[in-house]
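Peer 1: Shown below is the structure under consideration.
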Amino acid sequence: MHAAMSESELQLVARRIRSFPDFPIPGVLFRDISPLLKDPDSFRASIRLLAGHLKSTHGGKIDYIAGLDSRGFLFGPSLAQELGVGCVLIRKRGKLPGPTVSASYSLEYGKAELEIQKDALEPGQKVVIVDDLLATGGTMCAACELLSQLRAEVVECVSLVELTSLKGREKLGPVPFFSLLQYE
8 MHAAMSESEL QLVARRIRSF PDFPIPGVLF RDISPLLKDP DSFRASIRLL AGHLKSTHGG
68 KIDYIAGLDS RGFLFGPSLA QELGVGCVLI RKRGKLPGPT VSASYSLEYG KAELEIQKDA
128 LEPGQKVVIV DDLLATGGTM CAACELLSQL RAEVVECVSL VELTSLKGRE KLGPVPFFSL
188 LQYE
């Protein structure tokens, strides 16, 4: 990808992320992707940039994109289409039919569980996990654990936005991580 083109595409994406202080609770600066989703050029640019990174890093060695419930679902299918691969869903507990496997993770107040259908992936398949934002890394980490239960290989985790001050990337350990935009 041409460097100047990707830089202008990145600016197009960055301009469509807005901030809301003290939402959902005081002290939190919420990064809102709604303007990005409303603008087809910016959304397309975000998909092209993520796909460009994955193509240059992994070539054709990705079998599936795994979208995280719920805003990862907004990027997962489009990213999978751009790469010519399938998309599987990682959902919150109780949302998927049939046999599932689950993994727990901590929330600010309590615990939550993610699930994937047992037949979603075959052992050894190479998967990229996508979400809109990486904060503490709890959800992304649980998704990695979930895919390891199916003996799939998580080749990378990606997100549109990363909140670097929360150190979520560190929680992922050896799993590579990439984000388009980083904020404190």
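Going by the working numbering, the sequence shown opens with residue 8, and the numbers climb by one from there.
Think of the CB as a built atom: it goes at the ideal place given N, C-alpha and C, for glycine as much as any other residue.
#1: So, using beta-carbon positions, are Glu164 and Leu187 closer together than 8 Å?
#2: Is the beta carbon of Leu157 sitting closer than 8 Å to the one on Val108?
#3: Out of curiosity, what's the CA-to-CA distance linking Leu90 and Ala142?
#4: What is the rounded straight-line gap between the Cα of Ser15 and the Cα of Ala21?
#5: Checking the sheet assignment: what are the DSSP bridge partners for Glu191?
#6: Is there a Cβ from chain C that is less than 8 Å from the Cβ of Glu160?
#7: Give me the Cα-Cα distance between Pro33 and Arg23, rounded to the nearest whole angstrom.
#8: Rounded to whole angstroms, how far is the Cβ of Ala149 from the Cβ of Ser111, which I believe are closer than 8 Å?
Peer 2: So, from the data block:
#1: Residue identity check: residue 164 is Cys in the sequence provided, not Glu. No, these two residues do not count as a Cβ contact at 8 Å.
#2: Their beta carbons are under 8 Å apart, which means Leu157 touches Val108 by this criterion.
#3: Taken atom to atom, the span from the alpha-carbon of Leu90 to that of Ala142 is near 26 Å.
#4: Taking the straight line from one Cα to the other gives about 10 Å.
#5: For Glu191, which the question treats as bridged, DSSP gives no partner whatsoever.
#6: Judged by its chain identifiers, the structure shown contains no chain C, having just a single protein chain.
#7: The alpha-carbon atoms of Pro33 and Arg23 are separated by roughly 23 Å.
#8: Right, the Cβ-Cβ distance comes to about 7 Å (below 8 Å), so this counts as a contact.
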